[in-house]
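Protein chains in written order, with my numbering: chain A, 51 to 382; chain B, 4 to 327. One structure below.
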């Protein structure tokens with residue numbers, strides 16, 4: 051496990067990104083072999099994702115897409131936890147309900163990704179809105195239940211939200227709803243657009259320019275890890291200061307591969323040693339394989355789990371079906 | 004206790020829940036200063052301020068999408084959609100997100116949210132202010148669906164819905180809003196979700212009706228009483244989860260059932276109710292289960308009182324079913 055205690059440490063960001071890449075490589079193979087349902091990978095964007103996630107404070111919230119598992123790793127999700135989810139075994143945190151890539155964690159403030167393009171962005175705005183309303187001292191009242199206090203961070207301290215999306219999602223309606231609402235309410239949120247930078251930008255279709263229509267601050271930067279970290283950190287700080295949302299468009303080069311380019315740079319600078327890096331990669335791959343071996347050995351969730359978490363409590367709606375299908379367990 | 008209409012009763016439920024729990028917020032189009040298109044939220048903006056009674060941009064998908072985010076944070080949003088006909092821009096958010104938020108996160112996140120929206124015809128509203136889309140949401144696992152028929156039930160059911168932890172569609176029959184007055188307690192109270200009510204006891208035919216059509220069923224029952232047909236009427240109040248045991252028990256007594264609803268017939272909720280009755284009480288049936296519903300057409304403007312299953316359309320079906 052790599053911890054970004056010093057997020058300016060380029061080597062740490064490199065290693066976060068490399069862990070995600072190694073996991074991607076393995077899961078892509080398993081997907082093609084039909085061992086798992088599928089795996090939305092993060093190819094070329096790993097460094098951007100980890101650098102942005104590293105800029106978050108523990109009290110901040112992350113709204114990833116299904117391709118942003120690298121951010122979950124930065125937030126502290128282990129290989130074991132992630133592959134249990136992808137395999138969908140009894141220890142999958144989504145109870146075998148979430149499709150690969152839709153890992154979420156309330157403790158780590160990672161919201162459930164959506165497979166409906168851009169719809170998570172309105173959720174992100176809504177959560178930022180709620181965090182803003184709750185942080186206002188004049189909104190406080192004495193009648194808050196203990197449950198609320200445990201689920202909501204200390205008030206008065208502004209939490210910020212980071213939401214990822216890709217440039218194609220900016221064509222979908224919910225992107226516009228999310229940015230419009232965020233602008234209207236001045237929500238503490240950073241929308242980070244991962245734009246394919248393999249081609250020269252066409253000035254009339256840059257995503258960041260859409261911010262003009264909604265009256266919010268926009269920036270753009272290249273997909274270099276430290277640059278992304280600095281831009282996201284600054285944008286989150288703006289959000290926390292009450293200066294509103296930022297639309298940050300990050301142009302991600304695909305050739306040369308950014309992660310391989312950084313590897314060569316770090317080698318050249320003497321920041322990493324070739325043999326040590328090789329040994330470190332090997333250790334990560336061993337860890338991934340061990341996690342996968344363990345994940346595939348675990349049982350599937352019980353057939354009755356199909357009916358769990360539909361409503362808060364078990365529902366009469368499911369009583370007869372649950373009984374019938376549970377009775378059949380093991381007969382297939 | 005005083006005479007109140009449904010608008011007033013719902014307004015009281017909202018006020019009480021907002022006073023009790025500062026996580027409860029209202030958001031929607033013109034719900035603040037104006038008090039909503041039907042004035043259901045009138046006075047709440049004055050009392051609770053614009054951080055808790057929030058006027059939003061005119062964007063239903065955005066209203067529901069942001070409400071989902073608020074709920075994820077720990078708030079209890081009560082968004083209003085001005086007419087249930089306008090809910091479709093938010094359909095994907097309700098069906099793909101709100102209904103599945105708890106499920107797909109393995110219970111880590113939830114979406115405690117009550118979507119209030121006026122429903123039904125009879126106000127010369129035409130195709131886009133009259134529809135009854137309840138079955139679309141009942142068909143979506145993870146949602147509870149409520150349609151009260153009177154002010155007392157509306158107040159207690161809404162309080163229960165807001166206090167719960169699940170996403171709820173709360174359909175308010177707009178034709179009833181100011182047309183029905185009854186004694187409603189001033190204090191807060193709740194009515195358990197999923198529990199129906201026998202509103203008229205009878206021997207020969209069971210009628211299931213909700214919202215504004217309940218009154219048409221009662222009128223029809225009174226008309227056929229003169230012909231010696233005794234009708235038992237059940238108001239499910241909560242459409243999903245449905246109190247099927249109450250309906251089955253009645254059918255086992257009467258042997259006959261007619262479901263009345265405004266929505267189109269094909270795949271309407273009546274089809275589900277009648278099939279459940281067949282599964283539970285088939286051997287008690289003495290006549291084919293029947294429906295009196297809207298037609299499988301868009302909702303018409305001019306001839307809405309022929310499209311709606313009003314008493315004059317219910318009566319012949321009651322006679323046919325009773326005499327089968």
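All C-beta atoms, glycine included, are put in the ideal place defined by N, C-alpha and C.
Over the uninterrupted alpha helix (DSSP H) stretch that includes residue i, give me the two end residues.
i                      : result
residue 240 of chain B : Where residue 240 of chain B is concerned, there is no enclosing alpha helix (DSSP H), given that its DSSP letter is neither H nor E.
residue 62 of chain B  : Here residue 62 of chain B belongs to no alpha helix (DSSP H), and DSSP marks it neither H nor E.
residue 62 of chain A  : 60–82
residue 308 of chain A : 308–319
residue 4 of chain B   : No alpha helix (DSSP H) contains residue 4 of chain B, which DSSP labels as neither H nor E.
residue 111 of chain A : First-last for residue 111 of chain A: 111–113, but that is the beta strand (DSSP E), not the alpha helix (DSSP H).
residue 55 of chain B  : Looking at the DSSP string, residue 55 of chain B is not in any alpha helix (DSSP H), and its letter there is neither H nor E.
residue 335 of chain A : 324–347
residue 225 of chain A : 223–235
residue 43 of chain B  : Looking at the DSSP string, residue 43 of chain B is not in any alpha helix (DSSP H), and its letter there is neither H nor E.
residue 119 of chain A : 119–125
residue 371 of chain A : 369–377
Residue i touches chain B at which residues, Cβ-Cβ below 9 Å?
i                      : result
residue 404 of chain A : The structure shown has nothing for residue 404 of chain A, since chain A only spans 51 to 382.
Using CA atoms only, rank isn't needed, just tell me which of the options is closest to residue i.
i                      : options                       : result
residue 68 of chain A  : A/351, A/368, A/344 and A/310 : A/310
residue 211 of chain A : A/245, A/259, A/258 and A/158 : A/158
residue 113 of chain B : B/151, B/121 and B/168        : B/168
residue 66 of chain B  : A/359, A/378, A/370 and A/230 : A/230
residue 178 of chain A : A/345, A/294, A/361 and A/306 : A/294
residue 282 of chain B : B/251, B/266 and B/60         : B/251
residue 157 of chain B : B/176, B/166, B/146 and B/304 : B/176
residue 235 of chain B : B/241, B/243, B/242 and B/255 : B/255
residue 299 of chain A : A/336, A/259 and A/63         : A/259
residue 174 of chain A : A/130, A/239 and A/318        : A/239
residue 276 of chain A : A/94, A/99 and A/356          : A/99
residue 313 of chain B : B/324, B/222, B/261 and B/146 : B/222
Which residues mark the beginning and the end of the beta strand (DSSP E) in which residue i is found?
i                      : result
residue 31 of chain B  : 27–31
residue 200 of chain B : 200–203
residue 288 of chain A : No beta strand (DSSP E) contains residue 288 of chain A, which is instead part of the alpha helix (DSSP H) from 275–290.
residue 267 of chain A : 267–272
residue 255 of chain A : Element bounds for residue 255 of chain A: n/a, residue is neither H nor E.
residue 175 of chain B : 171–176
residue 210 of chain B : 208–212
residue 85 of chain A  : First-last for residue 85 of chain A: undefined, no H or E at that position.
residue 147 of chain B : 147–149
If the cut is a Cβ gap below 7 Å, which residues of chain A does residue i touch?
i                      : result
residue 53 of chain B  : In chain order: nothing, as chain A lies at least about 10 Å away.
residue 199 of chain B : Neighbours of residue 199 of chain B on chain A: none; closest Cβ ~12 Å, over 7 Å.
residue 107 of chain B : 144, 147, 148, 152 and 162
Bridge partners of residue i, per DSSP?
i                      : result
residue 216 of chain A : A/244
residue 271 of chain B : Answer is none; residue 271 of chain B lacks a bridge partner.
residue 295 of chain B : B/263
residue 8 of chain B   : B/184
residue 301 of chain A : A/245 and A/272
residue 296 of chain A : A/240 and A/267
residue 82 of chain B  : B/30
residue 235 of chain B : B/209
residue 155 of chain A : A/160
residue 121 of chain B : B/175
residue 280 of chain B : In DSSP, residue 280 of chain B forms no bridge with anything.
Starting from the beta carbon of residue i, find every residue of chain A whose beta carbon is closer than 8 Å, and list them in chain order.
i                      : result
residue 167 of chain B : 362
Please list the partners that residue i has in chain B, where partner means a Cβ-to-Cβ separation under 8 Å.
i                      : result
residue 181 of chain A : 76
Going along chain B, which residues have a C-beta under 7 Å from residue i?
i                      : result
residue 234 of chain A : 60
residue 359 of chain A : 105, 106, 109 and 110
So does residue i have its beta carbon nearer than 7 Å to some heavy atom of the ligand ATP?
i                     : result
residue 28 of chain B : As presented, the structure is devoid of all ligands, the ligand ATP included, so that no description of it is given.
Spell out whether any CB of chain E is found under 8 Å from the CB atom of residue i.
i                      : result
residue 288 of chain B : The question asks about chain E, but that chain is absent: this structure's protein chains are A and B.
For the stretch 66–79 of chain B, list every residue whose C-beta sits within 7 Å of some C-beta in chain A, in sequence order.
68, 69, 70, 71, 72, 73, 75, 76, 77 and 78
Original post:
Mind listing which residues of the stretch 151–178 of chain A have their C-beta closer than 7 Å to chain B's C-betas, in chain order?
Top reply: Cβ contacts with chain B come from 152, 154, 155, 156, 161, 162, 164, 166, 169, 172, 173, 174, 175, 176 and 177.
- Query: Between the stretch 220–232 of chain A and chain B, which residues of the former have CB atoms less than 8 Å from a CB of the latter, in chain order?
  - Reply: Those residues of the stretch 220–232 of chain A that come within reach of chain B (Cβ to Cβ, closer than 8 Å) are 223, 224, 227, 228, 230 and 231.
Item to check | Chain-ordered residues of the stretch 35–64 of chain B with a beta carbon less than 8 Å from chain A | outcome: 54, 55, 59, 60, 62 and 64
Q.
Using a Cβ-Cβ cutoff of 7 Å, what residues of the stretch 90–105 of chain B are near chain A? List them in chain order.
A. 95, 96, 99, 100, 104 and 105
With 8 Å as the limit, tell me which residues of the stretch 213–244 of chain B have their beta carbon closer than that to any beta carbon of chain A; keep them in chain order.
243 and 244
Query raised in the report: What are the residues of the stretch 363–376 of chain A that lie near chain B, defined by any Cβ-Cβ distance shorter than 7 Å?
Result: 365, 366 and 367
Requested in this report: Residues of the stretch 107–133 of chain B with a CB closer than 9 Å to any CB of chain A: list them in chain order, please.
Outcome: 107, 108, 109, 110, 111, 112, 113 and 115
- Quick one: which residues of the stretch 143–177 of chain B get their C-beta closer than 8 Å to a C-beta of chain A? List them in chain order. 144, 145, 147, 167, 168 and 169
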